[in-house]
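J.:
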Amino acid sequence: MALPTRSTDNWLQGLGTPSQLFGRGGDTDVELYEEDGEFVLTIEMPGFDREEIDVNWHEGRLRVSAEHVDEERNRKRTYHRTFRMPRAIEPEDVTARYRNGVLEVTLPAQPGASEAGHPIEVEG
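Mapping of the sequence shown onto the numbering used here: position 7 corresponds to residue 1375, and the numbering continues sequentially without gaps.
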């Protein structure tokens, strides 16, 4: 029996990310922008019902998850993603709306909040 002559990691080339290996992961379109003191996050999530989508704010992160069971085809689709905003937000004022396969989450920024962290001088 001949031994392989290629590097052991070559077999991984071209396989993509784990989410691409196990379903439709990686093809969700996400956009985050800031407008009038609010962050607006839009996520294309076609095929889910509004009741199947869970959105919550926990420990400074927005978590979006969804699960759809297609009993006719005996298949289950899931979506899990966590987002961190560039500035502090008002968690009590966050709103979410799902229409035409697109989830839109509006996250008002806290007045006077600056970007997370502080500048660090780079020495030479």
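We put the CB at the ideal spot given by N, CA and C, even for glycine. No experiment lies behind these values; they were computed from the predicted model shown.
Measuring CA to CA, which of 1474, 1489, 1492 and 1488 is closest to residue 1405?
T.: The shortest C-alpha separation from residue 1405 is found at 1474.
J.: Taking only the alpha-carbon atoms, compute the straight-line gap between residue 1460 and residue 1413 and give it to the nearest angstrom.
T.: Roughly 24 Å between the two C-alpha positions.
J.: Let's test the definition: count the other Cβ atoms within 10 Å of the Cβ of residue 1457 and tell me whether it reaches 16, buried, or not, exposed.
T.: It counts as buried.
J.: Please work out which residues of its chain come closer than 6 Å, Cβ to Cβ, to residue 1472, disregarding the five sequence neighbours upstream and downstream, and give them in chain order.
T.: The answer, listed in chain order, is 1410 and 1465.
J.: Quick one: measure Cβ to Cβ for residue 1434 and residue 1451, integer angstroms, because I've assumed they're closer than 8 Å.
T.: That pair is no contact at about 14 Å.
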